[in-house]
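If you want my numbering, it's the 1-based position in the sequence shown plus 63.
Glycine included, every Cβ here is placed at the ideal spot set by N, Cα and C.
So the structure is just underneath, and the comments pick up after that.
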Amino acid sequence: MAARVRRHAEGLREVRIPPIPLEGVLALPAAASAVVVFAHGSGSSRSSPRNVRVAEALRERGLGTLLFDLLTEDEAADRERVFDIPLLAERLLQARRWLAETESTRGLRVGYFGASTGAAAALMAGAGAGAPVVDAIVSRGGRPDLALPVLAGVRAPTLLIVGGRDHAVLDLNRAALAELRCEKRLAIVPGATHLFEEPGALEEVMVLAGDWFADHLAGAKGRSPP
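Set out below in structure tokens:
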């Protein structure tokens, strides 16, 4: 089923990912060889200002981005669905399959960038047996504990980014790091809280995520200078 697409002047394309469909925005810089799929956290959407800023930074490094709503408007009003990690993971896999079937993105390497509960969904999607391949995962302020039973099955190189003052989530990420059996790293942003609202905190997330994807997704521009 073809997605309805509307091209914006700035190169972004509104898409509808079948079969539900799910609303999203796809952007592909010239010669992009990879695309990063964003999974937002509870209470957020594809318009999350933090994820939009990270996506802009990744596009500056030559990576495509797909920001989409994991739930329909009616589903998002249901708190049980908002925290239904297997459902959210299946929606990520749905988007991954759509990318593999769409002419402009077919054959591109794919990464997941998940925030909060979206990070748990990204990890669960990355651990699914027989699921479409994902080549790298980045978690920002994530809740990997919500995907704890499947963490040992994640194969994609995984970066966990946590604020140094986000103490409870930092403990959860340390425990999750011990469960992961893939290439992995825990990066702590000093002084940052859960939403990385402190001056320079989100910019540090952009650098960390950009470097991780540059290292693990072919065609991304090189690492940022130290």
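Residues that DSSP places opposite V99 in a beta bridge: Residue 99 sits at position 36 when you count from the first residue of the sequence shown. In the DSSP output, where bridge partners are listed per residue, V99 has T128 and G174.
For the 8 angstroms Cβ check, are there 3 or more pairs between the region 258-275 and the region 112-122? Counting Cβ pairs under 8 angstroms, three or more are found: they touch.
Alpha carbon to alpha carbon, how far is V145 from A102? Locating residue 145 in the sequence shown gives position 82, where the first residue counts as 1. Locating residue 102 in the sequence shown gives position 39, where the first residue counts as 1. Here the alpha carbons of A102 and V145 stand approximately 12 angstroms from one another.
Where do the N-terminal and C-terminal ends of the alpha helix (DSSP H) with G273 fall, by residue? Counting from one through the sequence shown, the residue named residue 273 turns up at place 210. Where G273 is concerned, the enclosing alpha helix (DSSP H) stretches over A264 to H279.
Contact between the region 168-178 and the region 200-212 is defined here as three or more beta-carbon pairs at a separation below 8 angstroms; is this criterion met? Counting Cβ pairs under 8 angstroms, three or more are found: they touch.
Buried or exposed: where does S111 fall if 16 or more other Cβ atoms within 10 Å of its Cβ makes it buried? Here the question's residue 111 lines up with position 48 in the sequence shown. Buried, because 16 or more other Cβ atoms sit within 10 Å of the Cβ of S111.
Residues that I200 bridges to, as DSSP identifies them: The residue labelled residue 200 in the question sits at position 137 within the sequence shown. By DSSP's assignment, I200 forms a beta bridge with Y175 and T221.
My understanding is that R109 touches V88, with C-beta atoms under 8 angstroms, so please give their C-beta distance in whole angstroms. Your numbering for residue 109 matches position 46 in the sequence shown. Your numbering for residue 88 matches position 25 in the sequence shown. Indeed, because the Cβ distance is near 6 angstroms, the residues count as touching under 8 angstroms.
By Cβ distance, which residues of its chain are closer than 6 angstroms to L75, with the 5 residues on each side in sequence left out? Counted from its first residue, the sequence shown places residue 75 at position 12. The residues V88 and A90, in chain order, have a CB closer than 6 angstroms to that of L75 in the same chain once the five nearest residues on each side in sequence are set aside.
From the DSSP output, which residues share a beta bridge with A250? Indexing the sequence shown from 1 puts residue 250 at position 187. Paired residues: I224.
Report the three-state DSSP secondary structure of L258 (helix, strand or coil). Locating residue 258 in the sequence shown gives position 195, where the first residue counts as 1. If DSSP states are grouped into helix, strand and coil, L258 belongs with coil.
Excluding five sequence neighbours on each side, which residues of the same chain lie with their C-beta closer than 6 angstroms to the C-beta of P84? Along the sequence shown, one-based indexing puts residue 84 at 21. Excluding sequence neighbours, P84 sits near nothing in its chain.
Compute the Euclidean distance between the alpha carbons of R160 and R237, then round it to the nearest angstrom. Along the sequence shown, read from residue 1 onward, the residue named residue 160 stands at position 97. Along the sequence shown, read from residue 1 onward, the residue named residue 237 stands at position 174. One alpha carbon belongs to R160, the other to R237, and they sit about 31 angstroms apart.
Leaving out the 5 sequence neighbours to the left and right, which residues in its chain are closer than 6 angstroms to A190 when beta-carbon positions are compared? The residue you call residue 190 lines up with position 127 of the sequence shown. Here the set comprises V213, G216 and V217.
How would you write the range of the alpha helix (DSSP H) that L55 sits in, first residue to last? The requested residue 55 does not occur in the structure, where the chain is confined to residues 64 to 289.
Distance, A250 Cα to L235 Cα: Position 172 of the sequence shown, counting from 1, holds the residue named residue 235. Position 187 of the sequence shown, counting from 1, holds the residue named residue 250. Here the alpha carbons of A250 and L235 stand approximately 13 angstroms from one another.
Under a Cβ-count criterion, where at least 16 other Cβ atoms within 10 Å of its own Cβ denotes burial, should H71 be classed as buried or exposed? Along the sequence shown, one-based indexing puts residue 71 at 8. Confidence at H71 is low in this model, with a pLDDT of 39, below 50, so the placement of that residue should be treated as unreliable; the coordinate-derived value is given next. It counts as exposed.
Taking buried to mean at least 16 other C-beta atoms within 10 Å of its own C-beta, is A241 buried or exposed? By 1-based counting over the sequence shown, the position of residue 241 is 178. By the neighbour-count criterion, in which 16 or more other beta carbons inside 10 Å mark a residue as buried, A241 falls on the exposed side.
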